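Engineer:
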Amino acid sequence: MTNIPIDFLRTFVTIKDLGGFTHAGELLGRSQPAISLQIKKLESTLGTNIFSRGSSLELTEDGEYLYEAAQQILQINDQVVARIKGENVSGRVRLGIPNDFELAFLPRALRELSNIYPNITVEVDSDISKSIHQRFQRNYYDVCLVMEPEGEAAPLDEQDQRVDQLAWVVNDSSVAEADIVPLVTYPQGCIYRAMMETALEEAGVPYRIAYTSPSLLGIMSAVEEGLGVTALAASVVPANVRAHEQTEVLPPLGAVSVSLYYRQNELNVATQQVLDFLRSGLAELSPVPALGGRQR
-10 MTNIPIDFLR TFVTIKDLGG FTHAGELLGR SQPAISLQIK KLESTLGTNI FSRGSSLELT
50 EDGEYLYEAA QQILQINDQV VARIKGENVS GRVRLGIPND FELAFLPRAL RELSNIYPNI
110 TVEVDSDISK SIHQRFQRNY YDVCLVMEPE GEAAPLDEQD QRVDQLAWVV NDSSVAEADI
170 VPLVTYPQGC IYRAMMETAL EEAGVPYRIA YTSPSLLGIM SAVEEGLGVT ALAASVVPAN
230 VRAHEQTEVL PPLGAVSVSL YYRQNELNVA TQQVLDFLRS GLAELSPVPA LGGRQR
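All residue numbers for the sequence shown refer to our numbering, where the first residue is -10 and numbers rise by one.
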C-alpha cells in the first residue's frame, strides 16, 4: 500500500493556492529547492505529473484530482490535531489591525485558528495605524499590525514585515483627472492621507478633502459613488475598483511597510499561535498586483 506524506500534500496545496513555489516556501519556512524536491517526490510516489511542464503552474488532470482530494485529507488531518491537541491551548489575545487589512485576510485567518484552537479568544480592535501603534506601546495590545512609510519602520524578520506599493483607487477616471483632485480619506493621522497629501503637494497638484470617514466601508462607498479618489495598499484593493500607480494628474505615492509588532519576551502559547496564523494570512495575500501605469 502506497502512503502519501501529509507534508507533501500541504506543500502541493500551498503552491497551488499561492500561485508559486517561492511564496509557498516563504509561508512554509522552506527553501525553493526543498519545495521542488517535495513535489518531485510526490510525483514519484504517485507515478504521475501533477503540474503541466511549462511556464505556468497549471495542473494536469491528475493534479486537479489530487488538489481536491488533498484539501479534504488536510482538513481531516487538521481536525484530528485540533481535537487531540488544540483544546489544550487557551487564552485571550488582544489584536490591533488597520481596517483594510482586517477585511483582507483576518476573518479567514481567525476561522482557521478557531478550527484548531477553539479555546483561544482574539479581541480585535481596528483603527488607523498611528493610533494602533500608540496603543501597542501603552500595552493595550499583545500583537498589532501597522503600516508605516517604507524606510521609517523598524527592520523586522521577513515573516513579520512586507512592503506594499500604494495605489490610487478610483471609480471614475474623470474625477481622477479633475483640475482640483477630490480626496476621500480617513481622518487626520492616517498614513494614506498623509502620503496622498504629501505626494500631491510635492507634485504641485491642487486637491481638496471631499469626504472623510473613519471606516473602510465609508471610504469605498464614497469612491464607488464617484465622490473622489483614495489610496490603499495595492494588495488589498477591492476588485470592483481600479488601481493606478499614477495618472497624468496623480503622482506616484511610494510604498509602505506592513509590520507585525509584539513583545518577544511576553509571548505565551496562545499569542504565539495567533501570531503564526497572522503571518500565514499576510503571506497568503496576493502579491502586489501589476498596477495600471500612467493613465492617459
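Virtual Cβ for every residue (Gly too), placed ideally from N, Cα, C. Here the structure is a predicted model, which is why all the values come from computation and not from measurement.
When you compare the CB positions of Ala156 and Ala259, do they come within less than 7 angstroms of one another, or not?
Structural biologist: As a working note, residue 156 is residue 167 in the sequence shown. As a working note, residue 259 is residue 270 in the sequence shown. No, these two residues do not count as a Cβ contact at 7 angstroms.
Engineer: Whose CA, out of Leu35, Lys30, Gln235, Asp6, lies closest to the CA of Met(-10)?
Structural biologist: Numbered from 1 along the sequence shown, position 1 holds the residue referred to as residue -10. When each option's Cα is compared against that of Met(-10), the closest is Leu35.
Engineer: Does the Cβ-Cβ distance between Asp153 and Ala222 come in under 7 angstroms?
Structural biologist: For the purposes of this step, residue 153 is identified with residue 164 of the sequence shown, where counting begins at 1. For the purposes of this step, residue 222 is identified with residue 233 of the sequence shown, where counting begins at 1. Closer than 7 angstroms, so yes.
Engineer: Go ahead and label Asp131 buried or exposed: buried means 16 or more other beta carbons lie within 10 angstroms of its beta carbon, across all protein chains shown.
Structural biologist: Here the question's residue 131 lines up with position 142 in the sequence shown. Buried: at least 16 other Cβ atoms inside 10 Å.
Engineer: Assuming Thr219 contacts Leu172 (C-beta within less than 8 angstroms), just tell me the rounded distance between them.
Structural biologist: Numbered from 1 along the sequence shown, position 230 holds the residue referred to as residue 219. Numbered from 1 along the sequence shown, position 183 holds the residue referred to as residue 172. So it is a contact: roughly 7 angstroms between Cβ atoms.
Engineer: Over the uninterrupted beta strand (DSSP E) stretch that includes Leu134, give me the two end residues.
Structural biologist: Counted from its first residue, the sequence shown places residue 134 at position 145. Looking at the DSSP string, the run of the beta strand (DSSP E) that includes Leu134 is 132 to 138.
Engineer: Could you tell me if the beta carbon of Gln253 falls within a distance shorter than 6 angstroms of some heavy atom in the ligand SAM?
Structural biologist: Only the bare structure without any ligand can be found here, which leaves the ligand SAM out of the picture.
Engineer: When you compare only the Cα positions, how much space is there between Leu145 and Leu267?
Structural biologist: Mapped onto the sequence shown, residue 145 falls at position 156. Mapped onto the sequence shown, residue 267 falls at position 278. So the alpha carbons of these two residues sit roughly 15 angstroms apart.
Engineer: Excluding sequence positions up to five away, which residues of its chain have a Cβ less than 6 angstroms from the Cβ of Cys179?
Structural biologist: Locating residue 179 in the sequence shown gives position 190, where the first residue counts as 1. These residues qualify, in order along the chain: Ile117.
Engineer: For the beta strand (DSSP E) that Gln150 lies in, which residues bound it at each end?
Structural biologist: Sequence index remark: in the sequence shown, residue 150 carries index 161 (1-based). From DSSP, the beta strand (DSSP E) with Gln150 extends over 150 to 159.
Engineer: Could you compute how far the alpha carbon of Ala143 sits from the alpha carbon of Val135?
Structural biologist: Here residue 143 corresponds to residue number 154 of the sequence shown, with the count starting at 1. Here residue 135 corresponds to residue number 146 of the sequence shown, with the count starting at 1. In a straight line, the C-alpha of Ala143 is about 11 angstroms away from that of Val135.
Engineer: Taking the CB atoms as reference points, tell me whether Leu274 and Asn88 lie closer together than 7 angstroms.
Structural biologist: The residue labelled residue 274 in the question sits at position 285 within the sequence shown. The residue labelled residue 88 in the question sits at position 99 within the sequence shown. For Leu274 and Asn88, no; Cβs fall outside 7 angstroms.
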